[in-house]
Each structure stands twice: as C-alpha cells, then as structure tokens.
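In this note's numbering, the protein residues as written are 5 to 321.
In this text, a Cβ means the ideal position worked out from N, Cα and C, and glycines have one as well.
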C-alpha cells in the first residue's frame with residue numbers, strides 16, 4: 005500500500021520507506037499473481053512460487069502506470085522524480101524474497117526517480133518482518149509479530165532517508181501520546197458500513213507534545229503489514245497480551261521515538277481481515293476491494309487521503 009500511495013498521490017508524497025514489497029501494480033488485479041509472482045504466499049511450502057529476477061514484469065508495470073496517468077487515475081508520474089525511497093529486504097525472507105524488492109527499485113528508476121534517490125537496504129539474515137534495534141523475534145524469524153530485533157532501526161533509517169538529517173531519537177519516556185480515532189467517517193460513503201472495504205473502525209495517531217501545542221509538524225503515514233493490524237487475531241497470544249494484535253505494531257515499530265524529537269505526527273491507519281478475500285488483514289494490493297485499489301479512486305487510498313486532508317486542515321487533535 006505504501007508504494008500505491010506514493011504513486012497514486014505522488015504530488016504530495018515526499019518519499020517512502022518500503023519493507024518487503026514489490027513494484028506498483030505488481031499483482032495486476034490478480035490474487036494468483038500476487039501470491040506467486042510478487043510474493044511466495046500461495047502455499048506454506050512455497051512450492052508454487054514463481055518469483056525470480058523478472059517475475060514482476062517491470063516493463064508492463066511501467067506501461068500500466070503511464071496509462072493510469074493518461075486516464076487521470078493517478079498523479080502525474082513526473083512528481084516521482086523528486087521522491088526518495090528506502091527499500092528494506094531481509095536476506096532470509098521467503099515470503100517476499102529480495103528479488104521482488106529489487107524489482108521495485110528497477111520500477112522506481114524506470115519511472116524517473118534518480119537512482120541515488122532509491123536506496124536498497126539488505127538486512128543480512130533477516131526473515132519477513134520489520135527490523136527493529138531489539139524488539140520482537142530473533143532477526144531470522146518469520147512470524148508474529150513480524151517485528152524482529154535485527155540491531156537495525158528501520159523506522160529511523162527510512163525517516164532519515166526521506167526527510168534528511170533528523171535530530172536523535174528520544175531515549176526516554178514518550179513525550180507525546182497515542183490517539184485513537186474513528187476511521188468510519190473517512191470511508192467512502194457507499195462503504196461506510198461495508199466490511200468489504202478492508203478498513204477497521206478505528207486507527208491511531210502519534211502526536212508529539214510540540215505538535216499538540218500547535219507547532220507546524222509534518223505527517224508520516226506508517227502502514228502496518230499483513231497480520232499486524234490491531235484487530236488481527238493471531239494463532240497464539242503473547243505479544244499484545246490479548247486475543248488480537250492490538251497496539252503491538254503501533255507501539256513498537258519505532259516511529260514515535262523519532263517523531264517526538266522531529267515534529268512528526270505519525271498516522272497509523274488500520275486494515276482489517278475480510279473473510280475469504282483478505283483473511284490476513286492486509287492492505288489491498290491485489291484487488292479484494294475493487295478494480296481501482298491502486299489508484300486515487302480506490303477505497304483505501306481515498307480513505308487515507310481523506311485522513312491526511314483532515315490533518316492538514318488541523319482538525320485532528
């Protein structure tokens with residue numbers, strides 16, 4: 005979803021930090037393509053996986069992106085030439101193998117992003133997870149909470165890459181606060197009560213004390229991965245202390261420590277499982293909501309844009 009946002013709304017997105025994901029429109033509206041050519045998630049043994057160095061078909065994705073732009077479905081891709089993107093890939097990730105992330109780099113460069121604005125950060129020995137300095141599983145694990153202690157601060161690294169030099173992260177207690185907000189008003193009207201939107205009823209903000217006082221602050225959107233949303237029910241307890249995943253990602257991904265010292269409001273939208281179509285609570289990157297999932301008309305993209313517009317208007321406190 006982060007890639008979809010940075011392409012669909014490239015005019016307002018400064019850059020993106022991508023953890024274990026492929027190029028824009030990689031699935032091309034097909035769950036089979038998503039699970040065999042853009043990831044290895046169709047079966048637990050990966051026997052059906054067809055990922056290789058060319059499996060995403062970058063040329064076709066570039067052509068599709070330019071077609072969407074001509075049709076007015078996404079912002080002018082020329083805006084992508086100023087974006088900065090960090091791509092993080094675990095060397096032991098068999099869910100979204102490094103070859104897929106490499107094709108995201110190829111896609112961004114083909115779309116005009118300068119090569120020196122795209123940094124591919126391989127994490128030696130890491131499984132499928134967001135790397136942290138110490139929180140979570142051992143670095144090589146692929147499993148809940150999909151946060152791994154790899155002695156690597158992914159949140160800090162990607163924020164610094166996108167925004168430039170940052171002040172050091174907070175080392176003590178949180179100075180800001182997490183604010184739970186109602187996501188329902190941001191759902192497109194026809195999906196206000198439709199579980200098929202894949203949007204949870206509530207989301208989260210982290211608001212540093214300086215921002216709460218009214219100082220000008222930037223907004224960073226932090227999107228959880230599959231099986232990391234607050235309402236996702238994992239097979240075992242242990243990380244959140246409850247049957248659902250709860251605030252595990254929101255509180256431990258590491259963004260808030262940097263937000264406190266760098267005047268960043270962090271928006272944590274929340275996706276939710278959809279029976280049969282999205283059992284793992286993923287953001288829509290293959291079309292379980294509708295055919296516009298990757299463009300500005302998409303249900304989830306429209307909702308997140310509406311959240312950003314509300315924050316820009318100063319209506320969130």
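Chain-order list of residues whose beta-carbon lies under 6 Å from that of residue i (same chain, five-residue window excluded)
i	result
residue 141	152
residue 121	88
residue 308	273
residue 268	222, 224
residue 254	208, 272
residue 214	267
residue 162	21, 90
residue 12	78, 299, 300, 305
residue 57	103
residue 316	none
residue 286	230
residue 270	210, 224, 226, 259, 263
Alpha carbon of residue i to alpha carbon of residue j, nearest angstrom
i	j	result
residue 69	residue 176	44 Å
residue 45	residue 53	8 Å
residue 74	residue 82	12 Å
residue 4	residue 281	Because the chain here runs from 5 to 321, residue 4 falls outside it and cannot be looked at.
residue 91	residue 42	15 Å
residue 150	residue 24	11 Å
residue 66	residue 284	28 Å
residue 297	residue 180	33 Å
residue 34	residue 123	28 Å
residue 249	residue 275	12 Å
residue 6	residue 311	15 Å
residue 148	residue 238	7 Å
residue 138	residue 202	31 Å
residue 206	residue 186	5 Å
residue 168	residue 212	19 Å
residue 50	residue 216	47 Å
residue 135	residue 252	14 Å
Where residue i sits in the DSSP three-state scheme
i	result
residue 46	coil
residue 135	strand
residue 141	strand
residue 277	coil
residue 325	Examination of residue 325 is not possible in this model, given that the chain is present from 5 through 321 alone.
residue 262	helix
residue 287	coil
residue 7	helix
residue 249	coil
residue 201	helix
residue 72	helix
Residue-chain proximity (residue i, chain B), Cβ-Cβ < 9 Å
i	result
residue 93	This model lacks chain B altogether; it includes just one protein chain.
Residue i versus the options, residue with shortest Cα-Cα distance
i	options	result
residue 143	286, 101, 95	95
residue 331	236, 37, 191, 51	Nothing about residue 331 can be reported from this structure: the residues present for the chain run from 5 to 321 only.
residue 279	146, 236, 310	236
residue 86	139, 19, 135	19
residue 231	303, 146, 211, 191	146
residue 62	71, 84, 111, 158	111
residue 98	183, 118, 131	131
residue 47	293, 100, 191	100
Spatial neighbours of residue i in its chain, beta-carbon cut-off 7 Å, leaving aside the 5 residues before and after
i	result
residue 129	95, 96, 143, 144
residue 14	79, 81, 83, 84, 87
residue 60	26, 27, 30, 41, 42, 104, 107
residue 115	66, 69, 81, 84
Contacts around residue i, its chain only, beta-carbon distance under 8 Å, and the 5 residues preceding and following it disregarded
i	result
residue 196	Any reading at residue 196 must be qualified, since the residue scores a pLDDT of 46, below 50, and its modelled position is unreliable; no value is offered.
residue 160	170, 173, 258, 261, 262
residue 157	135, 136, 137, 173, 258
Given 8 Å as the limit, is there contact between the region 207-224 and the region 261-276, that is, 3 or more CB pairs closer than that?
Here the region 207-224 lies against the region 261-276, with 3 or more beta-carbon pairs under 8 Å apart.
So, do the region 27-37 and the region 161-176 have three or more beta carbon pairs nearer to each other than 8 Å?
no
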